[in-house]
Amino acid sequence: YVDETEEMAMSGLKKNQHILDRIAKELLERSKLTGL
Numbered sequence: 005y006v007d008e009t010e011e012m013a014m015s016g017l018k019k020n021q022h023i024l025d026r027i028a029k030e031l032l033e034r035s036k037l038t039g040l
């Protein structure tokens, strides 16, 4: 039971990490365009 919950938490973190990486890349691209 505990292991199952832990796996769900880990997969959730991985999904969030993927989203955060995409957001960070977009912000970097925008800062390059604006010259900041």
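First residue of the sequence shown: 5, per our numbering; consecutive thereafter.
All residues carry an ideal CB built from backbone N, CA and C; glycine is no exception.
{"Item": "I need the DSSP call for Gly16, collapsed to helix, strand or coil.", "Value": "helix"}
{"Item": "Just how far apart, CA to CA, sit Ala28 and Ser35?", "Value": "11 Å"}
{"Item": "Gly39 to Ile23, Cα distance in whole Å?", "Value": "24 Å"}
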